[in-house]
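**Student:** Handing you a structure now.
Chains as they are written, first to last, in my numbering: chain A, 1 to 313; chain B, 1001 to 1200.
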């Protein structure tokens, strides 16, 4: 395997950003302040610490390549699905259906991607699983809230497995003049969504005044949205040299990714609100659960995949 | 090695997080008593303990379930050193209490499910009297109430294949038998101690 020197540069860049963030967090923690300030700084530092781990795991998978990314995102799908199903009030009649969802459908989706079978992995869950789920549940004989239960399981599989699996599926695209470099596209997608999340948080915390949809998320403000999207799009445009895109195309792609990322965060917040929880889980210190970290990625991945596939292959 | 694999599997299935609310994970002789909702209960409590406590904490489990098949037998005897008790046909010779007290000696802790069998609803049913007799005969041992949540969704009654769901486990403050407390009073107090942990 020949290693891409540009990836090495990107790893160096991430290392630099994390070092700066850690130093800033360490400085902030030493500054005196009231209770609320200290809690915010402690959460910020917990998030940064978790970022080191996330970055290391992600870098390791990128280094391994397609298989590494399939394993990483497959595991992320599994954990996200586990959080989602925990929040969803299913009934004993769903048990066998859920077993299929976790142990057969999820691995099958990632296996289809490993096989690069686009014709099947792009419709497996939206078509075949869509038909299978209600049949399996009906066979269990429990009719109570049948449509609601079926819809929730289907939705969970769509978001946690189908949508997310489009991130490693970028490895299967054949882009002329970009052969063997697709790992950088996965990096690009993940980096832009996550930077956008962080910048929306920073802009919102510092300048946020006007709440967008207070009933869904009190932390989402117009200032955070505009500032975060604009600055993350600018950074994404500046990363054009690692993609097959021109700077302008890269800006367009980043705008699409950041807007969808925002949409993902908003939708998943609405679900949390409805279920009366703040986080999907407690897997990642300072961030909440897996779903809290990848909500934006779930929405951005399929659209970025199809835009790239349609215009560049 | 097996125990590592086992705790790993339990983590993957239930993500178990232990909330030590009323006590700390310290090496003391204890009896953990919990609500019983699934066949995984004993395993989950055992796996949630720090490794140093696992070696001296032994689940009390039904002989008819854990003697079935070589895997269950191996796990029960060699991994979590379960104390297997008779559920049906209890005679003086197979009195579970004698076995439990003998197995505890002066060092080991127990994990017990005073409801006996597994029930359907979330609220624990009336406790059987074993806990009272243990409290009476072992007054120095701490009785720790444990509330298990969501485990019946991982492995409901009658199912053999698990579905991953996040579970939680809350450990409360130790209970003691008050002087002059009657058996029904104590058992009801113990049951409520478990049930009241659900909201903490």
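Positions of the beta carbon are idealized from the N, C-alpha and C atoms, including for glycine. Please read all numbers here as calculations on a predicted model, not as lab measurements.
Mind checking whether residue 269 of chain A and residue 232 of chain A have CB atoms under 9 Å apart?
**Tutor:** No, Cβ-Cβ distance for residue 269 of chain A and residue 232 of chain A is not below 9 Å.
**Student:** As a quick exercise: from A/39, A/198, A/138 and A/112, pick the residue whose alpha carbon is nearest that of residue 96 of chain A.
**Tutor:** Of the candidates A/39, A/198, A/138 and A/112, the one whose C-alpha sits nearest the C-alpha of residue 96 of chain A is A/138.
**Student:** Rounded to a whole number of angstroms, what is the C-alpha to C-alpha distance between residue 109 of chain A and residue 100 of chain A?
**Tutor:** For residue 109 of chain A and residue 100 of chain A, the distance between alpha carbons rounds to 12 Å.
**Student:** By the DSSP assignment, the beta strand (DSSP E) with residue 1034 of chain B in it spans what residues?
**Tutor:** Here the beta strand (DSSP E) through residue 1034 of chain B covers 1030 to 1034.
**Student:** Can you pull the DSSP bridge partners for residue 1020 of chain B?
**Tutor:** Residue 1020 of chain B is bridged to B/1171.
**Student:** Measuring only the C-alpha atoms, how far is residue 193 of chain A from residue 1028 of chain B?
**Tutor:** Rounded to the nearest angstrom, the two C-alpha atoms are 49 Å apart.
**Student:** Could you name the residues of chain A that residue 1198 of chain B contacts, counting a contact when the two beta carbons are closer than 8 Å?
**Tutor:** Neighbours of residue 1198 of chain B on chain A: none; closest Cβ ~15 Å, over 8 Å.
**Student:** Where does the unbroken beta strand (DSSP E) through residue 1084 of chain B begin, and where does it stop?
**Tutor:** It spans 1083 to 1085 - the beta strand (DSSP E) in which residue 1084 of chain B sits, taken as one unbroken run.
**Student:** Looking only at C-alpha atoms, which of B/1139, B/1060 and B/1007 sits nearest to residue 1111 of chain B?
**Tutor:** Considering only alpha carbons, the answer is B/1060.
**Student:** With a 10 Å radius around its C-beta and 16 neighbouring C-beta atoms as the bar for buried, classify residue 1052 of chain B as buried or exposed.
**Tutor:** Answer is exposed; the Cβ neighbour count stays below 16.
**Student:** According to the Cβ coordinates, are residue 1142 of chain B and residue 1198 of chain B closer than 9 Å?
**Tutor:** Not closer than 9 Å, so no.
**Student:** Report the rounded CA-to-CA distance for residue 1081 of chain B versus residue 1046 of chain B, giving the unit in angstroms.
**Tutor:** Computed Cα separation, rounded: 11 Å.
**Student:** Taking its Cβ as the centre, do 16 or more other Cβ atoms sit within 10 Å of residue 1068 of chain B, making it buried, or is it exposed?
**Tutor:** Its Cβ having fewer than 16 others within 10 Å, residue 1068 of chain B is exposed.
**Student:** With distances taken from CA atoms, which of A/241, A/103 and A/210 is nearest residue 226 of chain A?
**Tutor:** Comparing Cα-Cα distances from residue 226 of chain A to each of A/241, A/103 and A/210, the minimum goes to A/210.
**Student:** How many angstroms separate the CA atom of residue 1185 of chain B from the CA atom of residue 1031 of chain B?
**Tutor:** So the alpha carbons of these two residues sit roughly 19 Å apart.
**Student:** Since residue 114 of chain A is in the alpha helix (DSSP H), which residue starts that stretch and which ends it?
**Tutor:** Element bounds for residue 114 of chain A: 106 to 114.
**Student:** What residues from the segment 1159 to 1177 of chain B come within 9 Å of chain A, judged by C-beta to C-beta, listed N to C?
**Tutor:** Per Cβ criterion, the list reads 1159, 1161, 1162, 1163, 1164, 1165, 1166 and 1167.
**Student:** With 16 as the cutoff for other CB atoms within 10 Å, does residue 36 of chain A come out buried or exposed?
**Tutor:** So residue 36 of chain A ends up on the exposed side.
**Student:** For residue 92 of chain A, go through chain B and note every residue whose CB falls closer than 9 Å to its CB, in chain order.
**Tutor:** The answer, in chain order, is 1152, 1153, 1156, 1157, 1158 and 1159.
**Student:** Which residues in the same chain as residue 178 of chain A place their Cβ atom closer than 7 Å to its Cβ, once the five residues preceding and following it in sequence are excluded?
**Tutor:** Answer for residue 178 of chain A: 244, listed in chain order.
**Student:** So, are the CB atoms of residue 86 of chain A and residue 1153 of chain B less than 9 Å apart?
**Tutor:** Yes, Cβ-Cβ distance for residue 86 of chain A and residue 1153 of chain B is below 9 Å.
**Student:** With a Cβ-Cβ cutoff of 9 Å, do residue 116 of chain A and residue 172 of chain A count as a contact?
**Tutor:** Contact flag set, yes.
**Student:** I'd like the list of long-range same chain contacts for residue 188 of chain A, defined as Cβ closer than 7 Å, with 5 residues on each side in sequence excluded.
**Tutor:** Cβ neighbours of residue 188 of chain A beyond the five flanking positions: 239, 242 and 243.
**Student:** Cβ of residue 260 of chain A less than 9 Å from any chain B Cβ?
**Tutor:** It does not; no Cβ of chain B falls within 9 Å.
**Student:** Indicate whether residue 185 of chain A and residue 170 of chain A have their beta-carbon atoms separated by less than 9 Å.
**Tutor:** Yes.
**Student:** Taking the C-alpha atoms as reference points, what is the distance between residue 1 of chain A and residue 175 of chain A?
**Tutor:** Because the pLDDT at residue 1 of chain A is just 48, under 50, the model does not fix this residue reliably, and the point stays unresolved.
**Student:** Along chain B, in chain order, which residues have C-beta atoms closer than 9 Å to that of residue 287 of chain A?
**Tutor:** Per Cβ cutoff of 9 Å: no residues; residue 287 of chain A is ~15 Å from chain B at best.
**Student:** Which residue comes first and which comes last in the alpha helix (DSSP H) that contains residue 147 of chain A?
**Tutor:** 146 to 157 is the extent of the alpha helix (DSSP H) around residue 147 of chain A.
**Student:** Taking residue 289 of chain A as the reference, give the member of A/296, A/133, A/166 and A/280 with the closest Cα.
**Tutor:** For residue 289 of chain A, the nearest C-alpha among the options comes from A/280.
**Student:** Flag this pair as yes or no: are the beta carbons of residue 19 of chain A and residue 191 of chain A separated by less than 9 Å?
**Tutor:** Contact: no.
**Student:** Have a look at residue 74 of chain A and residue 167 of chain A and give me their C-alpha separation to the nearest angstrom.
**Tutor:** Using only the alpha carbons, I get a separation of about 10 Å.
**Student:** Please list the terminal residues of the continuous alpha helix (DSSP H) segment that includes residue 1074 of chain B.
**Tutor:** Residues 1070 to 1074.
**Student:** Between which two residues does the beta strand (DSSP E) carrying residue 1057 of chain B extend?
**Tutor:** Counting along the chain, the beta strand (DSSP E) containing residue 1057 of chain B begins and ends at 1057 to 1062.
**Student:** Verify the contact flag: residue 94 of chain A, CB atom, against every heavy atom of the ligand NAP, threshold strictly below 8 Å.
**Tutor:** The ligand NAP is not among the ligands present in this structure, which contains no ligands whatsoever.
**Student:** Which residue marks the beginning of the beta strand (DSSP E) containing residue 1109 of chain B, and which one marks its end?
**Tutor:** 1109 to 1112 is the extent of the beta strand (DSSP E) around residue 1109 of chain B.
**Student:** Suppose contacts are defined by Cβ-Cβ distances below 9 Å. Is residue 293 of chain A in contact with residue 1166 of chain B by that definition?
**Tutor:** Result no, Cβ atoms of residue 293 of chain A and residue 1166 of chain B do not sit closer than 9 Å.
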